[in-house]
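The next block holds one structure in the form of structure tokens; read it before the comments.
In the numbering used here, the protein residues as written are 40 to 422.
Here you go:
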């Protein structure tokens with residue numbers, strides 16, 4: 040495992056951090072899964088395997104797996120594993136209406152994780168509106184007091200908005216880290232590469248989320264994209280290319296990967312065993328540029344499957360609709376995806392059930408025009 044210095048905090052962190060948002064799920068008798076029901080035995084086995092193989096950064100959050108991710112992590116870190124890692128979790132700022140709510144939520148998370156303190160405590164999914172709201176509630180004073188009391192070690196934030204907002208937040212406080220979405224396809228999206236470098240220039244460690252864009256850079260890779268990757272002199276999997284592009288940046292401190300299987304975990308550990316900065320030459324960087332252009336020409340909706348838009352009051356399974364629509368566009372096989380969309384319709388969870396309330400759009404960290412895109416997807420997938 041490769042490690043990098045975590046800013047000036049005096050310790051090293053594994054470049055690979057395990058994200059606990061897409062843990063393995065229990066398979067129900069009918070073959071379906073419920074995102075709130077984690078396969079505890081397998082998830083604990085995977086987390087401990089990761090730690091035993093050098094991973095020392097674990098990322099979770101209050102809403103992951105319907106609130107069960109923090110509870111699962113507490114179980115996985117028994118038997119001496121807590122002392123081997125740094126835990127990052129996040130304050131669900133959208134639930135706070137008063138200053139007192141900050142303290143209440145933190146205490147709840149400490150109890151769920153069964154710890155005396157949290158290493159990295161992030162203000163979750165900041166946007167301009169959320170930032171303005173919690174600043175008025177006194178969130179920065181709360182962070183100072185939480186550090187002073189020993190309940191948290193290092194304050195940070197995760198981010199989903201435009202670059203100017205990111206820079207404003209970065210400049211507003213003595214942050215010990217920040218977490219941004221970045222991958223081959225999202226180089227100029229939200230904070231992007233420029234934001235990553237801006238934080239790095241100020242000595243703020245950068246943690247990367249969505250490195251595979253919700254798994255879409257790993258699964259069902261189009262043949263023409265594969266053909267591009269295969270032009271490289273050294274052959275690598277699309278997953279390794281995606282991680283390689285990120286760990287090439289010296290400003291990147293940790294790359295989170297939300298592994299769902301032991302096979303994925305072992306593959307990631309192998310990839311990150313040789314994750315050196317400044318390791319890509321100009322030919323490789325040009326290849327990444329070509330792959331990005333090809334993908335950009337295919338994707339219909341920039342959804343990462345983060346699930347902030349659900350549950351929908353009308354029962355529309357928005358991420359599934361968009362996943363089918365993008366897969367239809369990127370991978371072909373029209374009849375397969377139309378059939379799967381018909382199954383959604385039979386369940387009453389398709390886009391036609393949208394009543395245009397707009398709740399999903401207010402929650403979407405990607406700022407997708409969900410209502411319009413649902414109509415578009417429905418038209419294409421039922422044509």
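Even glycine gets a Cβ: it sits at the ideal position worked out from N, Cα and C.
What you are looking at is a predicted structure, and each value in this text was computed from that prediction instead of being measured.
Through-space distance from residue j to residue i, alpha-carbon basis
i: residue 225; j: residue 108; result: 27 angstroms
i: residue 441; j: residue 55; result: Here the chain covers residues 40 to 422 and nothing more, so residue 441 does not appear.
i: residue 362; j: residue 188; result: 44 angstroms
i: residue 47; j: residue 393; result: 49 angstroms
i: residue 263; j: residue 275; result: 15 angstroms
i: residue 278; j: residue 139; result: 43 angstroms
i: residue 24; j: residue 147; result: The first residue shown for the chain is 40 and the last is 422, placing residue 24 beyond what the model contains.
i: residue 410; j: residue 380; result: 17 angstroms
i: residue 282; j: residue 325; result: 16 angstroms
i: residue 354; j: residue 165; result: 26 angstroms
i: residue 397; j: residue 413; result: 12 angstroms
i: residue 386; j: residue 141; result: 39 angstroms
i: residue 339; j: residue 408; result: 12 angstroms
i: residue 154; j: residue 104; result: 20 angstroms
Beta-carbon proximity of residue i to residue j, cut-off 7 angstroms
i: residue 373; j: residue 390; result: no
i: residue 66; j: residue 75; result: no
i: residue 235; j: residue 290; result: yes
i: residue 247; j: residue 310; result: no
i: residue 267; j: residue 327; result: no
i: residue 196; j: residue 149; result: no
i: residue 90; j: residue 124; result: yes
i: residue 405; j: residue 344; result: no
i: residue 63; j: residue 81; result: yes
i: residue 144; j: residue 126; result: no
i: residue 6; j: residue 121; result: In the structure displayed, the chain extends from 40 to 422; residue 6 sits before or after that span and is not available.
i: residue 194; j: residue 160; result: yes
Among the options, the one whose alpha carbon lies nearest that of residue i
i: residue 168; options: 120, 408, 208 and 119; result: 208
i: residue 459; options: 255, 369, 302 and 244; result: The structure shown does not extend to residue 459, since the chain is modelled only from 40 through 422, so no value can be given for it.
i: residue 370; options: 260, 305 and 388; result: 260
i: residue 113; options: 422, 130 and 59; result: 59
i: residue 106; options: 377, 155, 358 and 347; result: 347
i: residue 156; options: 349, 191 and 387; result: 191
i: residue 172; options: 421, 122, 229 and 132; result: 132
i: residue 202; options: 221, 359 and 193; result: 221
i: residue 206; options: 176, 175, 181 and 241; result: 241
i: residue 229; options: 211, 204, 319 and 68; result: 204
i: residue 92; options: 302, 359 and 312; result: 312
i: residue 233; options: 288, 45, 183 and 137; result: 288
Residue i burial status per 10 Å Cβ neighbour count (16 or more: buried)
i: residue 352; result: exposed
i: residue 300; result: exposed
i: residue 307; result: buried
i: residue 158; result: buried
i: residue 337; result: exposed
Residue i Cβ short of 6 angstroms to the ligand FMN heavy atom set
i: residue 309; result: You won't find the ligand FMN in this model; it holds no ligand whatsoever.
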